[in-house]
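The end of the sequence shown is residue 662 by full-length UniProt numbering, with every number in the run present.
Let me begin by presenting the structure, written as structure tokens, before commenting on it.
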Amino acid sequence: MMNQPPPHRESANDTALGKEIVTLLYQNAGKEAFARLQERIAAASQDTAGREFLLQSVQMAMTIRERFEDYQQRERGLNAVIETAHDLTAIRDLDRALQAIVQRARKLMGADIGYLSIHDREQGDFYVRATDGAFSENFKKIRVPHDVGICGYVARNKSPYSSAEYGKDPRFSHAAPIDTAVTEEGIKSILGVPLLSGSDVTGVLFVGDRYVRSYNAWEMSILSTLAAHASVAIENARLFEQTRIALKQAGDANALLKKQTADTQIAAEAHEQLTSLVARGGGLKDICEMAANMLEGHVSVIDEGEQLICASTADAFEPVDKDHGEPRAQAVLNTHQDKIHAALVESRMIGRSVTAFATPAETCRVSAVVGNRGLLGGLVIRTARELNELAVRIFERSSMVTGVVLLSQERSDYAARQEIPAIFRGLLSNPQHNLARLSEQAAHHGLRLSKPLCLAVIQTEDGKSSYMLKKMQASFRIANTLFDEIDGAIVLVSGMTTHGELRKALQLFIGREVRQPVTGIISKPVAQATALPECYQSMIRCLSTLNALGRAGSIYLEQELTLYAFLFEKRSAEDIDAFMSSALGKLYQEGKQRKTELARTLLSYLDHGHNARAAASEQNIHINTLRQRLDAINALLGNWNEGNRALEIHVALRLWRLREDA
């Protein structure tokens with residue numbers, strides 16, 4: 001306690017001065033006002049005891065004022081803490097809460113600047129999250145490493161730190177970029193306290209002043225309290241964010257589960273409708289129509305040879321291709337054959353449907369239809385936009401139902417075709433057995449053996465006769481015709497009136513559907529089925545001769561090759577080449593343009609029975625030119641037009657023409 005002033009006798013002047021002391025206290029006057037009053041008392045009072053009493057009274061009044069200011073400051077600090085706690089419950093935005101804490105700290109301390117640096121876990125440094133009173137953009141963007149500056153010191157030691165003169169303080173490490181930013185902001189004094197979450201420092205709360213000053217223990221304490229609130233705000237925000245993410249994930253999972261359940265139900269209902277359709281006797285066309293209506297697109301079924309079987313009629317695009325005048329579904333298959341083939345192969349491998357191609361106008365998806373014995377075909381859909389997951393699931397279930405129908409049809413077709421090989425074995429074997437029974441069986445498949453018949457034998461490259469057979473079974477439609485695969489070749493027996501018509505029909509089909517080289521022989525019509533075995537053997541000889549000549553890729557008439565097949569049966573390509581070389585001598589030089597012209601001229605001359613004018617007309621040359629060429633031939637071959645030599649030369653020239661055509 002302060003010493004009491006000695007008793008004295010008051011004068012009127014002392015009484016007035018005493019009242020003034022009380023008035024200054026009441027008005028909460030500053031230290032300067034009390035200092036001026038002390039000077040007046042010292043100068044005005046004559047009574048030493050009275051002067052001493054008044055001076056001590058002024059000093060006591062100043063002490064009371066300082067205590068009152070201290071109480072007010074503590075009250076402001078407590079209010080700041082209470083308001084900050086209120087912010088933590090009222091403000092959900094972390095940035096707003098941190099900004100409020102920084103503003104309150106600066107105001108409470110009466111500082112020039114307040115700011116908050118947060119620890120970046122990924123980069124391992126601190127960055128400024130909130131500021132109040134700062135004007136330098138560089139200062140607001142500053143990043144402080146863990147081992148530099150006051151921020152690093154506070155983070156490492158996990159305790160408050162103050163510096164009266166930042167620039168001259170040697171107790172922490174300085175870094176030029178950081179010091180430059182602090183200098184631009186004009187900061188001289190700094191107080192920093194850590195934000196703690198357990199034992200981890202999550203940030204540092206600062207106040208600073210642009211003049212040299214020190215910070216007392218109470219200021220450190222109240223700033224630490226605000227820092228603790230900031231730490232709670234950050235931790236709460238982290239927990240709120242985790243909760244929000246967890247709730248969102250749970251909500252998303254629940255929504256996804258509901259959607260998947262609904263999609264599964266819709267897909268199951270679609271599958272049930274398709275299954276019911278098939279159970280009622282619906283075919284592939286009906287499946288296409290139902291799937292097209294469900295998925296708002298155009299659906300078609302292709303076989304294992306990628307040929308169109310059927311398609312939905314309600315084409316959302318064009319029913320007929322404008323350029324080719326053919327059904328749009330067929331035009332798409334022809335235009336995008338390679339892409340659809342690749343998608344069909346991929347779909348078969350992965351067991352799911354695959355997008356074949358996409359254009360701005362339409363998207364095409366393919367689903368392979370697979371049975372126990374391999375590929376049965378495919379389901380193709382074209383839509384204006386890509387199918388969503390539900391639509392894809394319905395499409396794939398449509399593909400499964402399509403597989404059931406295709407498999408059923410395959411079994412029916414197999415049952416109907418299983419006697420065809422027996423018919424061919426009976427017709428082509430020598431001797432034939434029970435021709436009457438064979439006639440009945442053939443008639444069941446639309447072939448009448450009582451009429452003249454043409455026989456055709458076709459070989460494919462690389463042994464792809466099975467592929468061609470499937471193509472023919474799918475789309476080769478000629479009345480009164482039966483075909484099958486025998487010994488790696490396709491054999492046809494047809495009741496067409498002329499062999500030329502059959503060759504034309506086969507060439508058209510092969511060019512449109514098979515699209516790969518084939519070699520074939522077609523016989524002239526035979527009057528009775530009993531002639532088929534001998535005809536078949538003759539055609540096998542013709543094919544052997546063509547192979548020896550290296551002649552492939554065309555369909556020949558039997559009469560074009562019968563003579564050579566008979567003469568060169570079981571002869572190799574080397575044997576035929578030796579015969580041609582012996583018969584033609586110096587004229588036989590493949591690749592020589594002049595010799596080739598002479599050979600063609602001589603062949604034409606012989607074909608026209610030594611008629612020079614007819615041969616010249618066929619060769620489109622003057623008759624004198626033809627005679628000059630004959631003279632050149634005489635010079636090469638000598639006396640070629642005598643006896644059997646002319647026949648040998650004629651045969652050799654025909655063989656050469658066959659080989660040259662290859």
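Even glycine gets a Cβ: it sits at the ideal position worked out from N, Cα and C.
From a predicted model like this one, the values you see are computed outputs, not experimental measurements.
Cβ shell of residue i (< 8 Å), same chain only, five flanking positions each side left out
i, result
"Phe395", "Ala291, Leu295, Ser353, Arg365, Ser367, Leu379, Ile381 and Leu387"
"Glu20", "Leu37"
"Ala615", "Thr601, Ser604, Tyr605, Asp607, His608 and Leu626"
"Val201", "His119, Val154, Ala155, Lys158, Pro194 and Leu195"
"Tyr536", "Leu428, Leu455, Val457 and Val491"
6 Å CB neighbourhood of residue i in its chain, flanking five on each side removed
i, result
"Tyr211", "Lys188"
"Asp132", "Val102, Gln103, Arg106 and Gly114"
"His324", "Residue placement at His324 is poorly supported in this model, since its pLDDT is 42, which falls under 50; the coordinates are not used for a value here."
"Glu326", "Residue placement at Glu326 cannot be trusted, given a pLDDT of 49 that sits under 50; what the coordinates show is reported in the next sentence. None."
"Leu94", "Ala237"
"Ala527", "Pro452"
"Lys322", "In this predicted model, Lys322 has a pLDDT of only 44, less than 50, meaning its place in the structure is not dependable; the value taken from the coordinates is given anyway. Counting only Cβ-Cβ distances below 6 Å, and skipping sequence neighbours, we find nothing."
"Val651", "none"
Residue i: first and last residue of the uninterrupted alpha helix (DSSP H) it sits in
i, result
"Phe509", "His499 to Phe509"
"Val332", "Arg328 to Thr335"
"Ala311", "It is not in any alpha helix (DSSP H) - Ala311 instead sits in the beta strand (DSSP E) that spans Leu308 to Ala311."
"His610", "No alpha helix (DSSP H) contains His610, which DSSP labels as neither H nor E."
"Gln628", "Ile623 to Leu637"
"Ala384", "Where Ala384 is concerned, there is no enclosing alpha helix (DSSP H), given that its DSSP letter is neither H nor E."
"Gln441", "Leu435 to His444"
"Leu587", "Segment: none, Leu587 is in no alpha helix (DSSP H) and carries neither H nor E."
"Gly426", "Ile420 to Leu428"
Nearest-angstrom Cβ-Cβ length linking residue i and residue j, presumed shorter than 8 Å
i, j, result
"Ile490", "Arg503", "That belief does not hold up - the Cβ atoms of Ile490 and Arg503 are roughly 14 Å apart, past 8 Å."
"Ile302", "Leu333", "7 Å"
"Ala230", "Leu98", "6 Å"
"Leu108", "Leu205", "With a Cβ gap of about 12 Å, Leu108 and Leu205 do not count as contacting."
"Glu184", "Ser214", "About 23 Å; that fails the 8 Å criterion."
"Ser398", "Leu274", "6 Å"
Minimum C-alpha distance to residue i - residue among the options
i, options, result
"Val518", "Tyr536, Ala456, Glu501 and Asp112", "Ala456"
"Gly446", "Ala474, Ile118 and Thr481", "Thr481"
"Gly506", "Glu272, Gln459, Val232 and Gln528", "With the sequence shown as reference, residue 506 is identified as Leu, and Gly is not the correct amino acid for it. It is Gln459 whose Cα lies nearest to the Cα of Leu506."
"Ala361", "Lys470, Val369 and Arg385", "Arg385"
"Arg515", "Tyr536, Gln307 and Leu239", "Gln307"
"Gly124", "Trp218, Ala175, Gly203 and Arg96", "Gly203"
"Cys288", "Ile309, Glu461, Ala358 and Arg171", "Ile309"
"Glu410", "Gly374, Glu389 and Phe424", "Gly374"
"Thr15", "Arg51, Arg213 and Phe139", "Arg51"
"Ala130", "Asp263, Asn138 and Ala100", "Ala100"
"Ala262", "Asn611, Leu390 and Leu508", "Leu390"
"Ile142", "Asp169, Pro170, Arg121 and Ile178", "Ile178"
"Ala342", "Phe483, Gly305 and Gln27", "Gly305"
"His146", "Ser162, Phe172 and Lys168", "Phe172"
"Ala164", "Gly192, Gly152 and Lys140", "Gly192"
"Arg280", "Val405, Ile621, Glu66 and Phe126", "Val405"
"Lys471", "Gln242, Phe240, Ile510 and Ala612", "Ile510"
"Ile420", "Val299, Gln441 and Val345", "Gln441"
"Asp487", "Ile478, Phe424 and Glu122", "Phe424"
"Thr225", "Thr596, Pro160, Gln260 and Thr243", "Pro160"
Residue range of the unbroken beta strand (DSSP E) whose run includes residue i
i, result
"His298", "Gly297 to Asp303"
Distance cut-off 7 Å: residue i Cβ against heavy atoms of the ligand SAM
i, result
"Gln473", "With respect to small molecules bound, the structure shown includes none, and the ligand SAM cannot be examined in it."
Contacts around residue i, its chain only, beta-carbon distance under 7 Å, and the 5 residues preceding and following it disregarded
i, result
"Ala529", "Leu427, Leu435, Leu449 and Leu453"
"Glu558", "Ile521, Ile522, Ser523, Lys524, Ser538, Met539 and Cys542"
"residue 689", "Here the chain has residues from 1 to 662 only, and residue 689 is not among them."
"Ser533", "Inspection of the sequence shows that residue 533 is occupied by Pro rather than by Ser. So the qualifying residues of the chain are Leu428, Ser429, Asn430 and Gln432."
"Leu17", "Ile41 and Leu54"
"Glu485", "Ser465, Ser466 and Leu469"
"Ile64", "Leu25"
Within the UniProt domain "GAF" (93 to 244), note down every full alpha helix (DSSP H) run reaching 4 residues or more, in order along the chain. The qualifying runs are 94 to 109, 137 to 140, 149 to 157 and 176 to 185.
Inside the segment 340 to 378 only - beta strand (DSSP E) runs reaching at least 3 residues: Secondary structure in the segment 340 to 378: the beta strand (DSSP E) runs of 3 residues or longer, each lying completely within the stretch, are 354 to 358 and 363 to 371 in chain order.
Quick check on the DSSP output: what are the complete beta strand (DSSP E) runs of length 3 or more inside the segment 446 to 529, in order along the chain? As far as the segment 446 to 529 is concerned, its whole beta strand (DSSP E) runs of at least 3 residues are 454 to 460, 481 to 486, 489 to 494 and 518 to 522.
Start-end ranges of the alpha helix (DSSP H) lying completely within the segment 531 to 560, minimum 4 residues: The qualifying runs are 532 to 549.
Pick out the complete beta strand (DSSP E) segments inside the segment 264 to 297, 3 residues or longer, and give them in chain order. List check, beta strand (DSSP E) in window: nothing returned.
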